[in-house]
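Engineer: Sending over a structure as structure tokens; questions will come in a sec.
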Amino acid sequence: MNAETAHLLGIGLCTGVFLLIGAGCTPSRAAPPTPAEIAAAPLPDGVDAARVDAVLPDGCFAAVEDLPTPDDPRLDGDAVIVIAKEARRLMLFSGGRLAEGPGCWPVALGVDRMGVYPPGPKQRMGDRRTPEGWYRSSDKPWSNFYGAIAVHYPNADDAARGIRQGLIGEAEASEIRAALDADRKPPQRTALGGEILVHGGGSSADWTWGCVALDNDELDALRAMLPEGMRTDILILP
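Position 143 of the sequence shown, counted from 1, bears residue number 142 in numbering that gives the first Met the number 0, the numbering being contiguous throughout.
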């Protein structure tokens, strides 16, 4: 639910209190509506009921059209992971809608050698940043991390940037592109770095080296909703 919808619902509830008590609708007369009351209230005219499923946690979106980049057809897939780095949220969408549950969980990201989160997209090995953009995924059952899902970083855009920055050559970029075209994990030991995972271990504070960490039980819930082999599309937003 966006802020405008919540505000309209709050107004509708407040108006109902006004009619009942015959007085101004102010905090001194009636308490603000609770999230449960907002979710149960009749929707004002012009608000699409299909867009208001529940009161979602901060940083979660009910539908892909609410995302900053809503126009990519991949977002309409059966099981699409969207990671919002700034909000520290991982969402699972199916057919353009947030999966039931709701399919939105808190995550932890990376910290540098000083214990500080390094903003921006991953650019090179050892920078401990989390990539940004579209990636494929696959299962990694042999990982030391709980429930690991491999993110197929670097992608073609990362490879092109690596060439521009002089980090890799055309031969390495060609190997990356060939692996991506075959839906395989690209080379992981170039100067661009690699081994980016979605894994367990906890989400209460940033602690990884650029991976995306969830609480173990929430990772279990995510994995149960993903296709065989954990193969799907992942969009990582700033």
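Backbone N, C-alpha and C fix where the C-beta goes; we use that ideal spot for every residue, glycine too.
#1: Between Lys139, Leu89 and Asp77, which lies nearest to Leu55 when the distance is taken from Cα to Cα?
#2: In whole angstroms, what is the alpha-carbon distance linking Val110 and Ala149?
#3: For Gly192 versus Met124, is the C-beta spacing smaller than 7 Å?
#4: Output the distance between the C-alpha atoms of Lys84 and Val106, rounded to the nearest integer angstrom.
#5: Where do the N-terminal and C-terminal ends of the beta strand (DSSP E) with Ala220 fall, by residue?
#6: Under a three-way DSSP split, which group does Met90 fall into?
#7: Buried or exposed: where does Trp141 fall if 16 or more other Cβ atoms within 10 Å of its Cβ makes it buried?
#8: Using the three-state DSSP reduction, which class does Ala170 fall into: helix, strand or coil?
#9: Please report the distance separating the alpha-carbon of Pro117 from that of Gly76.
#10: Report the residue from Glu217, Ala190 and Val63 whose alpha carbon sits nearest the alpha carbon of Ser202.
#11: Suppose contacts are defined by Cβ-Cβ distances below 7 Å. Is Ile233 in contact with Ser136 by that definition?
#12: Which value, in whole angstroms, describes the spacing of the CA atoms of Leu42 and Asp70?
#13: So what does Thr207 bridge to, in DSSP terms?
#14: When DSSP labels each residue in this structure, what does Asp138 get in the three-state scheme?
#15: On the DSSP letters alone, give me the boundaries of the alpha helix (DSSP H) that Asp75 sits inside.
#16: Should Asn143 go down as buried or exposed, given a rule of 16 or more other Cβ atoms within 10 Å for buried?
#17: Thinking C-alpha only, which one of Gly100, Thr189, Gly228 and Trp208 is nearest Ile195?
#18: DSSP three-state label for Gly132, please.
#19: Below 8 Å CB to CB, which residues in the same chain sit around Asp182 once its five sequence neighbours on both sides are set aside?
#20: For Trp206, tell me which candidate among Met113, His151 and Pro130 has the shortest Cα-Cα distance.
Structural biologist: Taking the geometry as given:
#1: Ranking the options by Cα distance to Leu55, first place goes to Leu89.
#2: When only Cα atoms are considered, Val110 and Ala149 end up about 19 Å apart.
#3: Yes, the Cβ-Cβ distance between Gly192 and Met124 is below 7 Å.
#4: In this structure, the straight-line span from the alpha carbon of Lys84 to that of Val106 is close to 8 Å.
#5: Note, Ala220: premise wrong, no beta strand (DSSP E); alpha helix (DSSP H) at Asn215 to Ala223.
#6: Looking at Met90 - three-state DSSP - the assignment turns out to be strand.
#7: It is exposed - the Cβ of Trp141 has fewer than 16 other Cβ atoms within 10 Å.
#8: Note: Ala170 maps to helix in three-state DSSP.
#9: The straight-line gap from Cα to Cα measures roughly 31 Å.
#10: Measuring from the Cα of Ser202, the nearest candidate turns out to be Glu217.
#11: For Ile233 and Ser136, yes; Cβs fall inside 7 Å.
#12: Interpretation of Leu42 is limited by its pLDDT of 46, a score under 50 that renders its predicted location unreliable; the figure taken from the coordinates is listed afterwards. Computed Cα separation, rounded: 27 Å.
#13: DSSP lists Gly109 as partners of Thr207.
#14: Shown here, Asp138 sits in a strand according to DSSP, grouped into three states.
#15: Where Asp75 is concerned, there is no enclosing alpha helix (DSSP H), given that its DSSP letter is neither H nor E.
#16: The residue in question, Asn143, is exposed, as its Cβ has fewer than 16 Cβ neighbours within 10 Å.
#17: Proximity to Ile195 across Gly100, Thr189, Gly228 and Trp208 peaks at Trp208, based on C-alpha coordinates.
#18: The DSSP-derived three-state label of Gly132 is strand.
#19: Cβ within range, chain order: Arg135 and Arg230.
#20: For the set Met113, His151 and Pro130, the Cα lying nearest the Cα of Trp206 is the one of Met113.
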